[in-house]
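Residue numbers (full-length UniProt numbering), protein chains in the order written: chain A, 1 to 427; chain B, 1 to 427; chain C, 1 to 427; chain D, 1 to 427.
The structure under discussion appears below in the form of structure tokens.
There are 4 protein chains.
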Amino acid sequence: MSTSQAYGAPHPTLIKVNPFEPAEKQAGLMNRWHPDIPPVVTVQPGEVFKIECHEWTGGQVHNTDNADDIAEVDLTKIHNLSGPIRVETAQPGDALLVEILDVTPFPEMPWGYSGVFELNNGGGLFSKEFETRAAKAIWDFEGVYASSRHIPGVRFAGISHPGLIGTAPSAELLATWNEREQKVIDAHPGCVPAVALPPESVGAYVGQDLPDELRQKIYAEGARTIPGREHGGNCDIKNLSKGSKCYFPVFVEGANLSVGDLHFSQGDGELSFCGAIEMAGIITFKCSVIKDGIEKFALKQPIFIPSPVDPLYANQIVFEGISVDLHGDGTQHSMDATVAYKQAALNCMAYLKKLGYTREQAHLLLTAAPIEAHVAALVDVPNACVTIGLPTAIFDRSILPTPEGLEKREYGQAAIRSDGLRGKDPN
Amino acid sequence: MSTSQAYGAPHPTLIKVNPFEPAEKQAGLMNRWHPDIPPVVTVQPGEVFKIECHEWTGGQVHNTDNADDIAEVDLTKIHNLSGPIRVETAQPGDALLVEILDVTPFPEMPWGYSGVFELNNGGGLFSKEFETRAAKAIWDFEGVYASSRHIPGVRFAGISHPGLIGTAPSAELLATWNEREQKVIDAHPGCVPAVALPPESVGAYVGQDLPDELRQKIYAEGARTIPGREHGGNCDIKNLSKGSKCYFPVFVEGANLSVGDLHFSQGDGELSFCGAIEMAGIITFKCSVIKDGIEKFALKQPIFIPSPVDPLYANQIVFEGISVDLHGDGTQHSMDATVAYKQAALNCMAYLKKLGYTREQAHLLLTAAPIEAHVAALVDVPNACVTIGLPTAIFDRSILPTPEGLEKREYGQAAIRSDGLRGKDPN
Amino acid sequence: MSTSQAYGAPHPTLIKVNPFEPAEKQAGLMNRWHPDIPPVVTVQPGEVFKIECHEWTGGQVHNTDNADDIAEVDLTKIHNLSGPIRVETAQPGDALLVEILDVTPFPEMPWGYSGVFELNNGGGLFSKEFETRAAKAIWDFEGVYASSRHIPGVRFAGISHPGLIGTAPSAELLATWNEREQKVIDAHPGCVPAVALPPESVGAYVGQDLPDELRQKIYAEGARTIPGREHGGNCDIKNLSKGSKCYFPVFVEGANLSVGDLHFSQGDGELSFCGAIEMAGIITFKCSVIKDGIEKFALKQPIFIPSPVDPLYANQIVFEGISVDLHGDGTQHSMDATVAYKQAALNCMAYLKKLGYTREQAHLLLTAAPIEAHVAALVDVPNACVTIGLPTAIFDRSILPTPEGLEKREYGQAAIRSDGLRGKDPN
Amino acid sequence: MSTSQAYGAPHPTLIKVNPFEPAEKQAGLMNRWHPDIPPVVTVQPGEVFKIECHEWTGGQVHNTDNADDIAEVDLTKIHNLSGPIRVETAQPGDALLVEILDVTPFPEMPWGYSGVFELNNGGGLFSKEFETRAAKAIWDFEGVYASSRHIPGVRFAGISHPGLIGTAPSAELLATWNEREQKVIDAHPGCVPAVALPPESVGAYVGQDLPDELRQKIYAEGARTIPGREHGGNCDIKNLSKGSKCYFPVFVEGANLSVGDLHFSQGDGELSFCGAIEMAGIITFKCSVIKDGIEKFALKQPIFIPSPVDPLYANQIVFEGISVDLHGDGTQHSMDATVAYKQAALNCMAYLKKLGYTREQAHLLLTAAPIEAHVAALVDVPNACVTIGLPTAIFDRSILPTPEGLEKREYGQAAIRSDGLRGKDPN
């Protein structure tokens, strides 16, 4: 075959997934970080290829109108990553340039979901204030847009991205992770939800044929996939979206990239724990290697170039938040940006309730829609200031303040537990 | 005079300031929040008017090539606000809509500055890590742009805004502030820099004729202007810029709006304490009143509509940061967005140093240029994730990563102390 | 089956096309506008569905490195539209709201092309000045991006759209078209390329079982698909892209929408005749009907709401053009925006040649990349002024003017005729 | 004086103008292009300086509620340019880089106007269709915004720019201009409004002491300022706004830059002849010289880099127009972008009338507001396609199409002639 006959060949799919079957029996998936997990596929620098991904719970959540499945998710079985992918020529010390060329749902599964988890099963940023009970919104994908029968009146373009993507840690780096995280666990004994999660062999999974001893080692030592770390990981950065270019530090030969937890959309902060629009889908990659990139770019963590096709929602209403618990007991915190973010979010939710949305709907909307949260000021003791910008064009009516006030409409309710239980509404 | 003869009249300047003279002797200025400070001017809803403002130190910093003035700033004398401005018909419970129609420097003073303060005189977000010594960059304004002889190779359009703007507190609200902030002071005895600042009559100033007793009461009880609070205040939000509309809660009859601390530009976070480009200048306002706006909009804090003329710097390099002290001792923090912001900033500074900038220059640049800091994720225990986007078009060359690495150029140094003292460089 | 079981069903593909087979034998395609062409499918308002489309020549152009196929394209056989699609409840006088939810290439055919046609076979805006000979660029699609081995050094995100989309004309409207276009043909006898094209039964195609008499009537009277008209049609508007909403006037019962000529990307003006990146692909629609919309919106032609996901290429170099033939004989035209557009384009091509691109490459690049052409001024006799903005971020280096001038690189050549013939290079 | 004492000096104003006095008696102004007009000021490359400008009619239009002044404007006296400004070191063949650092109105004159001229006194793009009679809108400037008592319900941020800016022609270039324009005049004898304007000593003005002979030569030969040409001139490009950088070809020693016709805002096309928001004001410049820039950049006309502070009005309703006179007699034109622009504008005006605006108001609004006109397609014989995007955020209500149609409001009328005469309304 001549070279020219090869023109226009479709891009190969190197890992295949069936999104209608549980993740835990499928090859090419895994859910722990460990340097000894062998790569399932090898690619050349410059090659364009596709990777299929399961959604983060591996098929535990369904397209229904109640949230019982959310209440019962087994969190030891997440996340289900596709990989590792070995990139030829990558060596420790290099930078791996990953071009995220596309991120799409499976055409045969044009929907995703956002969920609120209960305090004793994952929880979330507001699980204590709200005494959260399970809630859910199903999002239907219509081309570039998502809308939900559980949150009427909004529709927005997806800023699709992998919530979780990273290179494999070296043995040394893995040990550092486990050590430092154990310290914070030890410092908060019995905390619910947990402040961090240690290695845990229950629920661990590597969808490959492995010697038993190796498998047990990986399961016993492997870092949990929940947090983002130096290698990337579960950073949940909405702007690391299709069209962006990301530079990862390489810690092992071949880089061993893994990816999963695809999101059709997400708001800055992902405030409801399972807050993005979670989906199964297909990601298209091109990788290249920059020798000694860690030194060249002072790369302690990934850096990236955002995409030119991120949705443009320039018109916003912006809500301020400072590090005083104004929606709670009024406690003054000291330069705490997390508290400030929460106050801005609570101010925004209160506004949404004036428009007619329930607390559950407002909670689920802010986690899924492309809201922008800025660290405005970390300078003016004792108050950090964080702002949250709510895009106005995602609503099917004007939501701007008017002298007459806001028109309250009837929007029903999100999918909640079938026993009707809801958490506390502090506002 | 007929109505038509009034067409086209210039907008009146209701408070005048001489930026070349110290603030502390000028009428119409003040530097404490107190409900009993009488308004110095009254405006009608719908009226367009101008207010002149001193820069935040009231003239203590000069257009020179060393930072000795920064080292010696008397912080009891800041901020110098113009006001209060009484708005007819505003009542407690209302919302005051303030349109920030324009913010400009004085034509006769086309420059401003950014400063790094020392640990024992204000400090800043990095004062401990860097053991900061005074540093300064003078910024020259050329129309819409700022550039600095102390940080060559960059120029950017200003996103000009008042760092500090707010309505007067009620007596009850003032008491709440003083009480809650005292608690946090009490919880951190002897902390340097202080975690919060109590009322302080030394340096207090109200540029009006007042009965002695009233003046002493204001000076003794008046809240310091450093933090932002429920009324707005020193929020240092770069996007509350010229062209934006802000809704403030009203706590006293007439609202009694005050404003100052104008910034020609600022980065998200304002990370060097005096981090914006501080300037004296002129702000143009139009106010209106929305009856019962606090209830109508669930207004615990200001909300605002951003401006259509904010500079568009869409192309960025984005730096990730997680809540692990990777630039220090590797300590794992628990979901701390402040730590994550700092790590992202340190990653960005390390990159800037590869380009040839000194630590002081990188520090001053990130505080002044329109960088964007997003709270990416507050969900994945134990790591908060914050990103900082550095606009690439503000540089006079491409700063994108290349396979060859970054070209290091000679950029001199920021203005530092005349004795040559510099802090520690941890990177 | 309960309603809930229907949740999450994939969107049906109502017209299927094989892009590897010639269009002229496939069902559901057609290439003339006529009110009597029966709909091939009926949809309900609100239904989401997919339509597959052939590329505009119906498979005559191939993924090769010469342009002989372009030279030999049979233009009587274009465009190959999918349709008509009947929308329930639509009546003459209504507006048909078409949401263009997505536009993608076939996954199995990740490439498209741009072509320059010869003067005696289609020609184009510059066919006389350049005495054009066939040229071609193949564009490879990598997720959201396109790049070409024939035009090295550029890559850009697609602004994918249907070049051709419209409702069926009524008999009366069709007669108006044919009459007015015949007049302009009659006024320019023997003009090459033709100023307009009359109905032509040679090459006409309707991929349905039809009575012979009806087929002959359609072929004899049907309007050619080349120009855009009151119903939409071949408007080649790059911003009518995926994510946009378009309001079409309805002229026949059911509206009878047809669509084709998909473009992965296009520049304003589509200056090389076959100038967009032509592709076969899949379009996703949702339609609804607004009763009496023609009257309600004064709808003489379609209006549309652009998409929030159009690529953002804000940084540009802008080239001015006025209605004087400065690249030719210096003739002064009178307020002619077409001439002004051409001058701006020629100024831009001259700049691209300084960078190292050939005339053919520059020609093909401007037609395919998302350049922005603005009618700047139609007011200052005798000179219309048009500007063309060339996005700088699509190049892999800085192309901004520098004091040293522009660096000329070696970029090879576009695909040209295998006999090596090229047109004149007037610059 | 030490160097450091010079820091922070205000930028000098090199040409001063009194906007309340007629232009025709003020020094430093002129209204013809001629190589022999001596510079009135010389600047160094890199120097920042200000130039004051009269409005284009030199004070003939007033802030009133009728349009009688528009009807009577003496067009021989326009435009009133400030200059020439000689730039040290500039030589023929160079490029002059002009940074437009700022453009503001005079603080003491916060208003401007848009006008519709009568057919026999200037006319305009629609003067024949509308049989235009004088109309006017006064725009009040409130900081970054303009609004008009004559067109209620809209407010927008200014995209302020010089309508007219250019370098002086050489004697040879001037001769070319006069020759080619005379040809087009000769080809359209008696045309009203004129297709072009020959040199005319009546109304000519150079505000300098000149020898009589030189003055008479300039007045007899000097090119009129109406059209844009190779040197820039009256291009009326809205995006050549404050913050942009423009590269002009240099034709005479010193470049001899002149500037005037400042606009607070303008829509693409400036469709009403005096269509922008005309104002007197102040422009801030910095110039530098690129040796042999004409050759380096293939500079037949200016090229420019747009500003990062142009207002962002991304949400638009877009109106299509093709080169068929659908609002008139239905004539088919051949690839005429000017006709297509007009049709798109008429479609937009028809929509605005459904909202309640009069023909005069719609006409004046489209000329002044930042509408975007794109040359969509110049490829599909016989129809050129032009689109006009109307920004939705400039209105104080939603103007999007709804199933119910558009709500018609009462908006009064523009300023018209005091005798009440209005032109024809063809829609």
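Just so you know, even glycine gets a beta-carbon here, dropped at the ideal spot from N, CA and C.
Note that this is a predicted model, so its numbers are computed, not measured.
For a cut-off of 8 Å, the C-beta gap from His-54/A to Leu-29/A is around 6 Å, short enough to register as a contact. In the three-state reduction of the DSSP assignment, Thr-13/A falls in the strand class. Inclusion of Val-202/A and Thr-76/A in the CB contact set at 7 Å is warranted, their separation being smaller than that value. Closest in alpha carbon position to Thr-89/A, among His-327/A, Glu-118/A, Leu-97/A, is Leu-97/A. With fewer than 16 other CB atoms across the displayed protein chains lying within 10 angstroms of its CB, Glu-108/C is exposed. Under DSSP, Cys-246/D takes part in a beta bridge, and its partners are Val-98/D, Phe-304/D. Contact holds between the segment 99-106 of chain A and the segment 135-145 of chain C, because three or more Cβ pairs, one in each stretch, are under 8 Å apart.
When the Cα atoms are used, Asp-186/D and Ala-220/D turn out to be separated by approximately 19 Å. If you draw a straight line from the Cα of Gly-269/B to the Cα of Val-386/B, it comes to about 11 Å.
Under the DSSP assignment, Ser-127/B falls in the alpha helix (DSSP H) whose first and last residues are 127-130. When 8 Å is used as the limit between beta carbons, Asn-256/B is near no residue of chain C, the shortest such separation being about 41 Å.
Going by beta carbons, Pro-382/B and Val-250/A fall outside the 7 Å limit. The CB of Leu-312/D comes closer than 7 Å to the CB of Ala-314 in chain A, given here in chain order. Going by beta carbons, Asn-256/D and Arg-86/D fall inside the 7 Å limit. Looking only at Tyr-313/C, Ile-294/C, Val-48/C, Leu-352/C, the smallest Cα-Cα distance to Tyr-411/C is reached by Leu-352/C. Look at Leu-125/B: its C-beta is under 7 Å from a C-beta on chain A. Around the beta carbon of Lys-238/C, a 10 Å sphere encloses 16 or more other beta carbons of the protein chains shown; the residue is thus reported as buried. Using beta-carbon distances, Ser-307/D does not count as an interface residue toward chain A, since no partner is under 7 Å. In terms of beta-carbon proximity, Asp-425/D stays away from the interface with chain C, with every pair separated by 7 Å or more.
Residue nearest to Pro-35/C within the set Leu-214/C, Gly-46/C, Gly-293/C, Pro-19/C is Leu-214/C (criterion: CA-CA distance). Three or more beta-carbon pairs drawn from the segment 355-373 of chain C and the segment 264-278 of chain C are found closer than 8 Å, and the two stretches are therefore classed as touching. Identification of residues in the segment 119-150 of chain C having a C-beta nearer than 8 Å to some C-beta of chain A yields Ile-138, Asp-140, Glu-142, Gly-143, Val-144, Tyr-145, given in sequence order. Pairwise C-beta distances place the segment 44-63 of chain B in contact with the segment 9-26 of chain B, as three or more of them are shorter than 8 Å. Neighbourhood of His-11/C in chain A, by CB distance below 7 Å: Pro-110, in chain order. The count of Cβ pairs closer than 8 Å, one atom from the segment 284-301 of chain B and one from the segment 280-295 of chain A, stays below three, leaving the stretches out of contact. Taking the beta carbon of Gly-153/C as reference, no residue of chain A falls within 9 Å; the closest one sits roughly 16 Å away. Between the C-alpha atoms of Pro-22/B and Ile-70/B there is a straight-line separation of about 15 Å. Taking a contact to require three or more Cβ pairs closer than 8 Å, the segment 110-118 of chain A and the segment 306-319 of chain A do not qualify as touching.
Counting the other CB atoms within 10 Å of its CB gives Gln-343/D a total of 16 or more, which places it among the buried residues.
For Ser-82/B, no CB of chain C lies under 7 Å from its own CB, so it is not counted at the interface with that chain.
In the three-state scheme derived from DSSP, where H, G and I count as helix and E and B as strand, Gln-332/A is classed as strand. Your pair Ala-171/A and Ile-151/A does not check out as a contact, with CB atoms roughly 45 Å apart and the cut at 8 Å. Following the DSSP letters along the chain, one finds Ile-290/C in no alpha helix (DSSP H) but inside the beta strand (DSSP E) bounded by residues 281-290. Residues of chain C whose Cβ lies closer than 8 Å to the Cβ of Tyr-7/A are, in chain order, Asn-63, Thr-64, Trp-111, Ile-138. Bridge partners of Gly-321/A according to DSSP: Val-386/A.
If you draw a straight line from the Cα of Gly-232/B to the Cα of Lys-286/C, it comes to about 45 Å.
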